[in-house]
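Protein sequences, first through last, are from chains A, B and C. The first sequence lines up with residues 2 to 217 when you count with my numbering. The second sequence lines up with residues -19 to 202 when you count with my numbering. The third sequence lines up with residues 686 to 934 when you count with my numbering. Report on the following structure.
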Amino acid sequence: MTPGSTSPSLQIDRLCCVRGDRTLFHDLSFAVSGGELLHLKGHNGSGKTTLLRALAGLLLPESGEIRWQGENIRALREEYARHLLYLGHHNGIKGDLTAVENLRIAAILDGYALDEETAWRILAEIGLRGHEDLPTKHLSQGQKRRVALARLLANRATVWVLDEPFTALDVAAVQLLQDVIHRHVADGGIAIVTTHQEVAMIGANTRTIELGRRDA
Amino acid sequence: MLEPLYWIIRRDLTIAMRRRADVFTTLIFFVIVVSLFPLGIGPEPETLRQIAPGIVWVGALLASMLALEQIFSADHRDGTLEQMLLTPQPVSVLVVGKILAHWLVSGVPLVIMAPVLGLQYNLSADVLLVLMASLLLGTPALSLIGAIGAALTLGLRSGGVLLALLVLPLYIPVLIFGAGAVEATASGLGGQAHLSMLAAILVASLVLAPLATAAALRVAED
Amino acid sequence: MSSRLINWFKFSSPATFYPLARKISVASAVIAVVLIAVGLYMSFFVAPTDYKQGEGYRIIFVHVPASWMSMFIYLVMAAWAAMGLVFNTRLSAMMAQALAPTGAMFAFISLWTGSFWGKPMWGTWWVWDARITSELILLFLYLGYMALRAAIDDPRRGDRASAILLLVGVVNIPIIYYSVQWWNTLHQGSTIKMNAETTMDETMLITMLIMTLGFWAYSIAVAMARVRTVILERERTASWVRELGLAGS
């Protein structure tokens, strides 16, 4: 699979997810392809996080399939992970490591090398100048979120699955993140984003799906 | 495949070095438990020498199990575990890295401390040597097997007690061959066969346990 | 996975299985009562007195089949677990869940009757015999499985986690058994041998066979009854269960 030659596509086919007793959604089908931004909306408990975790391959859906380039992601596993960047509620950074260490280890585990210099540059770009060398447990919530988001600038993944990426960010960071996401989409990537606060995610190729409309 | 393994080990060791206090709790637990037995049994040197292999081994086993509760919990809380599951690396390889790092931090000190405790029980030099050898082969096996239980009980209430219930029965073969090696040496039979069995268990658990642990982690993060 | 396979498993979905389980349960219960009644009668009144062990030996007609069942049920549970993991079928995990208490009960009965047998034979309630010890560990494995199930709230996570535990257990059982055997011969020699190969009379053998079949039928009956309650509890929001409730009341 050579990126660029075929347009990336993610298909969701009759997906059904259950949490405990509750069916969060069923028969959910849609497709996203390269250059598209999918904005997921819905009230609390409508299953946004569950859907994103299923899209990332963390969660086994009750039924239905998620296909990447036509193949089920459960079968692809690591091959799919190569193209994916998931950012959940947790920042996924270690409090005992510095921002630079966190970023570089995440890069190595994601399968590419990130030299010290680039790591510093990215962290400066995301507004953490002067905090690169501190254990991240001493940073504020918003700064920790920025460390996590720095992966977006370093990573070359095609599919971004971002769960509430704007939480804890200040106005400047929200603006920056929006730019980063739009740039990614403009470059032919896929972004799937949930927000519950009204952050403008409007761009050329933005689609909105609203979960949990109670039509039953 | 080896590079991420190296980095996971390096990462976990760095973190362990930055919170050194945690390392010592396991070791102190081991020392205290082993030192309690003479107080409960009496100071009769012959009796103590006889039960020493079993006591040191049970102490090491309990200490190793208690330490295991922590192996994935911090990563689970801060979200690095779910990121681990989403990397292009095989999860079982990363799991091996985590277990190895965990063993280096919590298992190796037990191996080093064991002869000192053995002296309290009047064990001779060659017996102490076999004690160390058996722990060197046995404690990594305990970590590997215990990691399955730690992954299964991740994030559950009463996780610690449950972990003990799940893991202790599976520890029995390691205990039997580990303590058996020491005892056989002490009684002049030679512990060679026992040590070979321990090595076999170690190899088998190195192959199988990470797969089960990886599967259990996927379930825990579902 | 071919679609034919999926269809086959769809057929054994909880909804279709629920009424079937009732029929199997009732039939097995009848068979169990008959077989166990006949078996017990034969154990007490037909089987001859053992020339070495006197009347006390008669407890083996319960003890030995119970030990067999306790081991066999664990294997069956592991097989269901493997199936559940591979095909992602809900019913498999429910079957494993329904079998567990019965398996644990047989392990306990085996230990209990073994102890009752040991007292008159060896003058002690408990011997660290290899088989008894292994049986004890098996009981621990059952208890661990049930404790893990009980500790996990989400039924799907519970299914998968406990399935992994069962498979780990099944791989370990031979190793545990072998190591306990090794430990036992090293420490005790062969001073005491449980279930020593005494020349077994044909009537004894038949009696034991009948008891074993009776326990089989009992296990199936109880497991089926239990799986019905598990299905009802787990599928209580499903429409077919609600309709059932309306029809029943």
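Every residue, glycine too, gets a C-beta built ideally from N, C-alpha and C. It should be emphasised that the depicted structure is a prediction, and the values quoted were computed from it without experimental measurement.
Annotated as proximal: C:Ala706 and C:Val912, with beta-carbon spacing under 7 Å. With its beta carbon less than 7 Å from one in chain A, C:Asp839 belongs to the interface.
For A:Ile127, no beta strand (DSSP E) segment is defined, and its DSSP state is neither H nor E.
Residues of chain C with a Cβ closer than 9 Å to the Cβ of B:Phe157 are, in chain order, Ser864, Trp867, Trp868. In this structure, DSSP gives B:Arg29 a helical state, which the three-state scheme calls helix. Shown here for A:His84: same chain residues with a beta carbon closer than 6 Å to its own, the five before and five after excluded, namely Ala158, Thr159, Val160 in chain order.
In the structure shown, B:His174 adopts helical secondary structure according to DSSP, grouped into three states. The beta carbon of B:Ile79 sits no closer than 7 Å to any beta carbon of chain A. For the options A:Ile210, A:Lys95, A:Leu135, the alpha carbon positioned closest to that of B:Asp58 is the one of A:Lys95. Secondary structure at B:Leu66: coil, using DSSP grouped into helix, strand and coil.
Within chain C, the residues whose beta carbon sits less than 8 Å from that of A:Asp22 are Arg921, Thr922, listed in sequence order. With a contact defined as Cβ atoms closer than 8 Å, B:Leu186 and B:Val154 miss out at about 13 Å. Rounded to the nearest angstrom, the Cβ distance from C:Val856 to B:Leu188 is 7 Å, consistent with a contact under 8 Å. In its chain, beyond the 5 residues on either side, Met64, Leu65, Ala194, Leu197, Arg198 have a beta carbon closer than 8 Å to the beta carbon of B:Val71.
The alpha-carbon of C:Thr809 is positioned some 9 Å away from that of C:Trp802.
For the 7 Å CB-CB criterion, B:Trp37 and B:Gly158 form a contact. Among the CB atoms of chain A, none fall inside 7 Å of the CB of B:Ile51. Sequence-distant partners of C:Leu720 (beyond 5 residues in either direction) whose C-beta falls short of 7 Å from its own C-beta, in its chain, are Ile895, Leu898, Gly899, Ala902. The residue from B:Val162, B:Val141, B:Gly135 with its alpha-carbon nearest to that of B:Ala105 is B:Val162. For the segment 133 to 153 of chain A, the set of positions with a beta-carbon nearer than 7 Å to some beta-carbon of chain B is empty. Of the candidates C:Arg921, C:Ser904, C:Ile849, the residue whose Cα lies closest to the Cα of C:Trp765 is C:Ile849. By the Cβ neighbour-count rule, B:Leu115 is buried, with 16 or more other Cβ atoms within 10 Å of its own. Comparing C-alpha distances from A:Ala82 to each of A:Gln12, A:Ala174, A:Leu59 shows the shortest one belongs to A:Leu59. For A:Phe26, the three-state secondary structure derived from DSSP is strand. By the neighbour-count criterion, in which 16 or more other beta carbons inside 10 Å mark a residue as buried, B:Gly126 falls on the buried side.
In this structure, DSSP gives A:Trp69 an extended state, which the three-state scheme calls strand. Restricting attention to C:Ala778, C:Trp925, C:Pro859, the CA atom closest to the CA of C:Ala908 is found in C:Ala778. Per DSSP, the continuous alpha helix (DSSP H) segment holding A:Gln176 begins and ends at 172 to 187. A buried status is given to A:Arg54, since no fewer than 16 other beta-carbon atoms sit within 10 Å of its beta-carbon. Per DSSP, A:Leu38 lies in no alpha helix (DSSP H); the unbroken beta strand (DSSP E) holding it starts and ends at 37 to 42. For B:Leu117, the enclosing alpha helix (DSSP H) begins and ends at 105 to 132.
Separation of the CB atoms of C:Trp813 and C:Ser800 is rounded to 12 Å, and the pair is thereby denied contact status at 8 Å.
Residue pairing from DSSP places A:Ile191 in a beta bridge opposite A:Glu37, A:Val160. C:Gly739 is bridged by DSSP to C:Asp735. Rounded to whole angstroms, C:Met754 and C:Gly788 show a C-alpha spacing of 7 Å. Within chain B, no C-beta atom comes less than 7 Å from the C-beta of A:Arg75; the nearest is roughly 11 Å away.
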